[in-house]
Structure formats: structure tokens, C-alpha cells
Amino acid sequence: MAAFGGLIITNRGRALQAKVQIGAQLTFTRIAVGDGELGGSSILDLTGLKHEVKSLSISKIKTLSGGRALVGTVLSNQDITQGFYLREIGVFAQDPDLGEILYCYGNAGALAEYIPAGGGADIIEKQIDIITIIGNASSVSAVIDESLIFETPTGAQEKANAAESNAKAYTDQQVASRVLNSGGVPSIEAGPDANKPVAGTAGRIYIATDTKIIYQDTGTAWEKRGVVKWDDIEGKPSTFTPSAHKSTHASGGADAISPEDIGAATLAYTDGLATRWIMEY
Numbered sequence: 017m018a019a020f021g022g023l024i025i026t027n028r029g030r031a032l033q034a035k036v037q038i039g040a041q042l043t044f045t046r047i048a049v050g051d052g053e054l055g056g057s058s059i060l061d062l063t064g065l066k067h068e069v070k071s072l073s074i075s076k077i078k079t080l081s082g083g084r085a086l087v088g089t090v091l092s093n094q095d096i097t098q099g100f101y102l103r104e105i106g107v108f109a110q111d112p113d114l115g116e117i118l119y120c121y122g123n124a125g126a127l128a129e130y131i132p133a134g135g136g137a138d139i140i141e142k143q144i145d146i147i148t149i150i151g152n153a154s155s156v157s158a159v160i161d162e163s164l165i166f167e168t169p170t171g172a173q174e175k176a177n178a179a180e181s182n183a184k185a186y187t188d189q190q191v192a193s194r195v196l197n198s199g200g201v202p203s204i205e206a207g208p209d210a211n212k213p214v215a216g217t218a219g220r221i222y223i224a225t226d227t228k229i230i231y232q233d234t235g236t237a238w239e240k241r242g243v244v245k246w247d248d249i250e251g252k253p254s255t256f257t258p259s260a261h262k263s264t265h266a267s268g269g270a271d272a273i274s275p276e277d278i279g280a281a282t283l284a285y286t287d288g289l290a291t292r293w294i295m296e297y
């Protein structure tokens, strides 16, 4: 981007500022770019660009602190038939007595940027934001061409951040409204199992931090939640026929329970005579 080093308010721009301070409307009309060289001319006396190449519609305006305003436009080479050096730029405004005037102007001189003609390999689309002094104007506006409003990465990120913030605020509000019941008593509480409050507020949830059991207040008692009751299981057998195994027989029966059956370990060692097995109980 060409280095303009800041724009200077022209004499006509300053005169309009004085009118604005006493109640006149400050309306920016357009932004223009050109390739003219300033030479020995004074910016204060300029009433237009030295050589205007393209007039640009305003795409955004924003009032800033400190008596400033941001005026933006988009420069595209789509309809430029001949390349030029972007050397000068000016912001125009509507004067109640003179009509459209050159409000402020900047010239990059030797630091101009070349803008190629459209239709070739180089596609140019630049967002140009100009911050200018408006004093303590009570009303600032611009003639904006809505068809030229493009979303910038910065603008998109700002909108995304705002949407995320709004969504979070809404979620927090909804959660809070559900956590509090009509009586203002939290509907979700947690603590030791033995410290459950007296039942009586239907719908409340209590999480026992020690036993990990979840209870719900029915209005008269606390009932466990997340626990399947035996009576609620469908398709379960009504009776069970234990299989024949040693645990059902007498210890003196044919298949008496041996120490190994109940988990006793066997240790073996060898002395000089024979291998002996010792049972440990």
C-alpha cells in the first residue's frame, strides 16, 4: 500500500469543521484516488485531486474517540483499463453552502504503489481505511454504497467473537435459570451422602460426592437415580436352579471341598529324602 503519512485537512475542510461545531451535518460523500504529483502546491488550498483516476464509494464509517472518524472504501482494479500509480487520495464531504468539497488529502510522492489494469493475472482488491479529524461533531454520516461492502478478516473475526460472547452469555443465562427453581433453592446440590437436605422440593437433584449416588427429590423422599432396580428388569427368570458343584455338597461327601478349592496355595520343597507338599491355610 502506498505510504501517505497521514492526510491533511484542506482549508475548505476546516471551514466545514467550523460549521459542524455549530450544528451543521458532516456527511462524507466519497473517496477518490489518483496519480497526480503535488509539486509545489499547498494541500491546504486544494479543492480536488491533482489527477483523479478513480472515484470510490464509501463502504463504511465509524465514529472514534478523540474527535476522529474512520471512513473506509474498497479499491478494485476490476474496471481499471489502464494501470496507474496510486499516489494521491482524498476524502470528499458535503458542505451546506458549497456543495461537495475536498475535506482532506494525502500524497505518497515517490512511495506510490502501482495498480495494474484489470483483466490480467493481477487481481487487486484493497480495503482502504482513513482516519480523519472531525472535531466534536454531533452528527457524522456518509453516503454508503451497500453493494461495495465487503467483509474483511478483521471484521469477520469481530463478528465471530461477538457471536461467541452472545452465545456464551445466553447459555449461562439458560443454565442459571434452570439451576434455580421458583423458590430460589438450587435444584442441583452436592455433598456427602449423609448430608442430604430434607426432602420436600420436588425435582431437586442431589449428588453424593462420597458414594457417587445421584438422588432426586420426589417431594416426599429422596430416590436414587441411575440405579436399575431388580423389579424393573424385564425378562429375568423367576427362579434359579443352581448347578451341582462342590459348594452344595457336604464336606464329607464324595466331592468334598479341598483346600485347593478355596484358594489354598501349595508350596513344594525338596529335602534329601523326598519331595514334600505343604498346604498353607
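Going by the numbering used here, the sequence shown opens with residue 17, and the numbers climb by one from there. Using N, Cα and C, we set each Cβ at its ideal position, and we do this for glycine too.
| Query | Result |
| --- | --- |
| Under the DSSP definition of a beta bridge, which residues are partnered with F20? | None; F20 has no bridge partner. |
| Along the alpha helix (DSSP H) that carries Q37, what are the first and last residues, could you check? | 27 to 37 |
| Contact defined as beta carbons within less than 8 Å: I believe L42 pairs with I150. What is the distance between those atoms, to the nearest angstrom? | 6 Å |
| Could you please give the first and the last residue of the uninterrupted beta strand (DSSP E) stretch that includes T89? | 84 to 92 |
| S81: buried (16+ other C-beta within 10 angstroms of its C-beta) or exposed? | exposed |
| What residues in its chain sit with their C-beta under 7 Å from that of A34, if we drop five residues either side in the sequence? | none |
| Helix, strand or coil for D111? Go by DSSP, reduced to three states. | strand |
| Where does E116 fall in DSSP's three states? | strand |
| Cα-Cα, which of V49, D138, D61, K76 is closest to R28? | D61 |
| How far does the beta strand (DSSP E) with G207 in it extend, from its first residue to its last? | 204 to 207 |
| By DSSP, does A179 sit in helix, in strand, or in coil? | helix |
| Let's see if you can read the secondary structure: which residues bound the beta strand (DSSP E) around G50? | 42 to 50 |
| Using three-state DSSP, classify K184 as helix, strand or coil. | helix |
| Could you tell me how far apart the beta carbons of T26 and C120 are, in whole angstroms, since I believe they sit closer than 8 Å? | 6 Å |
| What three-state label does DSSP hand N211 in the structure shown? | helix |
| A133 and Q98 look like a contact to me (Cβ under 8 Å); what is the Cβ gap, rounded to whole Å? | 5 Å |
| Between which two residues does the beta strand (DSSP E) harbouring A224 extend? | 221 to 224 |
| Give me the DSSP bridge partner(s) of K142. | L91 |
| CA-CA distance, N182 and E174? | 12 Å |
| Helix or strand or just coil, what does DSSP make of A158? | strand |
| Just to check my reading of the structure: K382 and G64 have Cβ atoms closer than 8 Å, yes? What is that Cβ distance to the nearest angstrom? | Absent from the structure is residue 382, since the part of the chain shown begins at 17 and ends at 297. |
| Output the boundary residues of the beta strand (DSSP E) element that contains E68. | 68 to 72 |
| Whole angstroms is fine: what's the gap from S157's alpha carbon to G207's? | 60 Å |
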